[in-house]
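The numbering used here numbers the first residue of the sequence shown as 11 and each following residue consecutively.
Some notes on the structure that comes next.
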Amino acid sequence: MYIKRVIEKTIKKMVNEFPVIVISGARQVGKSTMLKMIKEDNMNYVTLDDLDARNLALSDPKYFLEQYSYPLLIDEIQYAPNLLPYIKMIVDDEKFKALKNNTEVKSLFWLTGSQQFKVMKDVSESLAGRVGVLNLYSLSNSEIKGYGGLLFTPKLDELKKKENIVHCDSKEIFERIFNGGMPSIATGAIERSNYFSSYINTYIERDVKQLLNVGKTIEFYNFMQYIAVRTAQELNYSTIAKEIGVDPKTINNWISILESSGIIYLLQPFSSNLSNRIIKAPKLYFMDTGLCSYLAKYPNPETLEIGALSGAIFETFVVSEIIKNITSHGLDPKMNLYYYRDKDQKEVDLLYIEGDTIYPIEIKKGISPNNPDKNFAVLNKYSNDIATGIVICMTQKLQPINRNCWLCPVSLL
């Protein structure tokens with residue numbers, strides 16, 4: 011069973027704007043499956059996981075592109091970045107022909123990559139101005155339930171448009187959190203524990219060893235378990251290094267690997283020239299709560315819901331759902347999403363910034379949290395335009411708790 015992705019509409023729009031489209035994201039989130047489902051019949055396909063194809067691409071990139079022809083979908087482009095200059099030459103030649111004949115350049119190449127930083131470094135150097143770039147994460151809750159599509163915004167008028175959505179109770183939400191959004195699990199193709207065991211082993215053996223070029227796989231697995239139970243917390247490299255028994259520089263490299271692979275997301279703190287009292291460390295979130303729950307060794311959704319990690323994993327679920335939504339519409343969440351915490355320990359879980367307007371967002375596991383907007387007022391010193399805030403929680407309906415704050419069901423994400 012194939013589950014449609016919100017990002018499909020964004021890709022189809024970008025096809026008319028860019029001759030090359032790059033989709034990056036973690037392994038097995040469904041990049042190649044999605045692209046093969048929506049590509050035109052005349053578009054060819056090759057994966058560089060195939061060692062014969064990879065060897066040809068590395069040894070003779072020009073001949074490789076001649077043999078596979080275009081339009082062409084190339085999976086795992088990071089294995090043969092030397093293809094990119096030749097793709098650039100083909101694109102420029104086709105653009106010249108289109109200009110000469112007064113026609114439009116159609117989509118020529120779709121590329122996927124599982125190592126975002128490496129892919130983007132190579133792409134930005136070789137295909138500047140010729141490429142549209144999108145990130146894909148595991149399935150969102152709205153995609154799994156079949157009502158995904160609208161761009162997330164904390165604006166009340168837009169949230170009210172979603173009020174006809176069937177709301178989830180806490181049991182259903184924590185089942186979704188426990189299972190995560192990997193397509194193979196969401197569609198029932200593979201049993202969860204078997205899937206994640208194989209996924210982690212494959213990820214470490216293929217991506218981590220290649221990027222680190224060392225054999226510290228046991229230490230890296232212990233590191234992943236350690237940060238899994240600290241999801242939704244501020245990132246402290248020195249503390250992690252001390253606990254794991256490696257130096258902070260190694261932890262910095264390992265965090266970069268997880269981020270570049272799309273496994274985690276680093277939410278940056280809100281900063282302003284008006285104050286230097288803001289904590290500077292980012293907060294770390296896993297982008298698939300199923301993987302996070304597996305690494306944290308929770309045996310079932312019920313134990314997870316009442317466990318010590320329940321609040322943090324619920325916050326991780328909400329933040330990751332919002333990031334998935336924003337990126338699926340071709341936008342960069344780093345332009346809009348921040349968190350706030352100062353040295354007085356006053357914290358707001360999420361800030362949605364739009365121009366000079368700040369939308370404060372709190373995330374609470376309960377149905378009717380007590381005094382959830384207590385720190386919203388601290389934001390007044392940063393902007394004259396603090397919008398009505400929302401508290402994303404287990405409530406069953408969108409409703410006000412005062413003139414400055416509304417309760418928002420998590421289902422509306």
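Cβ atoms here follow ideal geometry from the backbone N, Cα and C, with glycine treated the same way.
Exposure label - residue i; buried when at least 16 CB within 10 Å
i    : result
S208 : exposed
F106 : exposed
Y73  : exposed
L284 : Note on L284: pLDDT 49, under 50, position unreliable in the model; the coordinate value appears next. L284 comes out exposed.
L422 : buried
A318 : exposed
K344 : exposed
K181 : exposed
I336 : buried
I234 : Per the sequence shown, residue 234 should be read as Met rather than Ile. Buried, since its Cβ has 16 or more Cβ neighbours within 10 Å.
Y392 : buried
V176 : exposed
Y12  : exposed
G365 : exposed
L294 : buried
I377 : exposed
E215 : exposed
DSSP beta-bridge partners of residue i
i    : result
C418 : I402
N412 : C415
V141 : V30
T367 : E364
Q243 : L294
I195 : Bridge partners of I195: none, in fact.
Residues near residue i in its chain [Cβ-Cβ closer than 7 angstroms; skip 5 each side]
i    : result
P164 : Y362, Y369, I371 and I400
R64  : L58, Y89 and A90
S117 : V25, P29, I31 and P81
Y236 : I250, E253 and I254
DSSP state of residue i mapped onto helix, strand, coil
i    : result
T163 : coil
L284 : Confidence is the limiting factor: at L284 the pLDDT is only 49, short of 50, which leaves the residue's position unreliable and the question unanswerable from this model.
F233 : helix
Y349 : strand
D85  : strand
I289 : coil
Q77  : helix
N54  : strand
T113 : coil
L149 : coil
L276 : strand
I396 : strand
I373 : strand
G321 : helix
Y308 : coil
V25  : coil
N-terminal and C-terminal residue of the beta strand (DSSP E) that residue i is part of
i    : result
E315 : Careful: E315 lies outside any beta strand (DSSP E), inside the alpha helix (DSSP H) at P311 to I316.
E357 : E357 to E364
R15  : Segment: none, R15 is in no beta strand (DSSP E) and carries neither H nor E.
L121 : F119 to G123
L61  : Segment L61 to S69 is the alpha helix (DSSP H) holding L61; no beta strand (DSSP E) there.
Limits of the unbroken alpha helix (DSSP H) element including residue i
i    : result
F296 : Not the alpha helix (DSSP H): F296 falls in the beta strand (DSSP E), residues K293 to F296.
E173 : Segment: none, E173 is in no alpha helix (DSSP H) and carries neither H nor E.
Y205 : R202 to Y213
G300 : T299 to L305
A36  : Counting along the chain, A36 falls outside any alpha helix (DSSP H), and DSSP gives it neither H nor E.
F188 : S180 to N189
Close-in-space but distant-in-sequence residues of the same chain around residue i (CB under 6 angstroms, 5 per side omitted)
i    : result
I97  : F119
P382 : E372, K374 and V401
A185 : For clarity, residue 185 is Glu in the given sequence; the question names Ala instead. So the list reads P311, once near-sequence residues are dropped.
F280 : Y348, Y350 and L361
Beta-carbon contacts of residue i that lie in its chain and below 8 angstroms, excluding the five residues immediately before and after
i    : result
D217 : R37, S124, Q125, I267 and S271
Y308 : F188, L314, G317 and L319
Distance cut-off 6 angstroms: residue i Cβ against heavy atoms of the ligand ZN
i    : result
P370 : Only the bare structure without any ligand can be found here, which leaves the ligand ZN out of the picture.
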